[in-house]
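> Can you keep this structure in mind? I'll have questions shortly.
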Amino acid sequence: MCRLLGVVSREPLSLDEAVAEEIEPFTAQSEVHRDGWGVAWFESDQPDRPGEADAPGSGRADEAGGAGTAGSRLGNPRRPQIRRHLDVARESAAYREAIHAATGPMMMVHLRKASPGLPLEIRNTHPFREGETVFAHNGQFDLTPALREALLARGGRRPAGTTDSELFFSLVELHAREEDPAAAVQRAAAELTALCLEHGARVPESLNCLYMTPDVLVAYQQSDPEQARRHGRPHVYALRYRIDADRVIVASSGIPQTEYLEVGEGQALVIDRARLSVAVRPQLAVTPR
């Protein structure tokens, strides 16, 4: 169980500015979700603001997609930038640096609470990147050896780590070869659910996720209420969004969410970067296989 936050803004802003009211209560959840964090963003096509480039020799354990000189580099709007660390976000100077350095119209943050038995390693820390896309997951499913082999046999993105989340991402990337981003996420989730049942596992506890391409941010919600009850919080997997004049924000539960709307079961929220428009894709009518 992890925490997700994504935002698309009309103008390129730093992340801590774009979600100024939400970032502190969101970060406070790392007291529980303390197994690492990650920030991802797509840069604007405007010059960097002075002081945003990484300091030489900083030793930062991140995966930024490029380097340059502050104030002179032009952002690449199709190149995702990522920073990931294993420390606790609320105690981390690197986290504070990352949420300020992340600047663009489209950004996400992930706070990790690792599933039992999964090692705390950078390669297992969300978000994950493949080419021009970025993915972060909140939830888990029973990854039996048979299910792992079935998912690997499907192709898609070869995972770098050992998480169930990366195998979900692999399915998304596989479907994205023929589908638009929202349909790719929905069809991947449907196929994954079917494969879980086929290989003797329960349905996934949750497949909540954020999927960013250079053009859209997709937020998907799917969870099993019976498995979620063990957390003692009935809305632990709620995913909600709010549309403002200058931004759209989507986030897991745990922060104040006045005037937020709910992403329904199986629905995919699509936020268009260029138009700042919002569309909700309904739950798939059939399970594609």
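Each residue of the sequence shown is one higher than the last, beginning at 793 in our numbering. Ideal Cβ placement from N, Cα and C applies to all residues, glycine included. From a predicted model like this one, the values you see are computed outputs, not experimental measurements.
1) I need the straight-line Cα distance from Ser-1069 to Ala-993, nearest angstrom please.
2) Using 9 Å as the threshold, is the C-beta distance between Ala-832 and Pro-804 below it?
3) Here's a check: name, in chain order, each residue in its chain whose Cβ is nearer than 8 Å to the Cβ of Glu-924, leaving out the five neighbours to either side.
4) Please list the terminal residues of the continuous alpha helix (DSSP H) segment that includes Glu-809.
5) Bridge partners for Gln-1019 per DSSP, in chain order?
6) Please go through the same chain and pick out, in chain order, the residues whose beta-carbon is closer than 6 Å to the beta-carbon of Leu-797, but skip the five residues on each side of it.
7) For Gly-948 versus Glu-965, is the C-beta spacing smaller than 9 Å?
8) In terms of alpha-carbon separation, which member of Pro-1048, Asp-1016 and Val-1010 lies closest to Ala-1071?
9) Output the residue ranges of the beta strand (DSSP E) runs that lie fully inside the segment 976–1052 and measure 3 residues or longer, sorted by chain position.
10) Report, in whole angstroms, the separation of the C-beta atoms of Asp-1016 and Glu-997, which I expect to be a contact under 8 Å.
11) May I ask you to report which of helix, strand or coil DSSP gives Arg-888?
12) Per DSSP, which residues does Ala-1060 bridge with? Please list them.
13) Quick check on the DSSP output: the beta strand (DSSP E) that includes Ile-815 runs from which residue to which?
Quick answer:
1) 38 Å
2) no
3) Arg-870, Arg-871, Pro-872, Thr-1005 and Pro-1006
4) 807–810
5) Per DSSP, none; premise fails for Gln-1019.
6) Phe-818, Val-901 and Ala-1043
7) yes
8) Val-1010
9) 1000–1004, 1008–1012, 1031–1035 and 1039–1044
10) 6 Å
11) helix
12) Tyr-1012 and Arg-1073
13) Where Ile-815 is concerned, there is no enclosing beta strand (DSSP E), although the alpha helix (DSSP H) it sits in stretches over 815–820.
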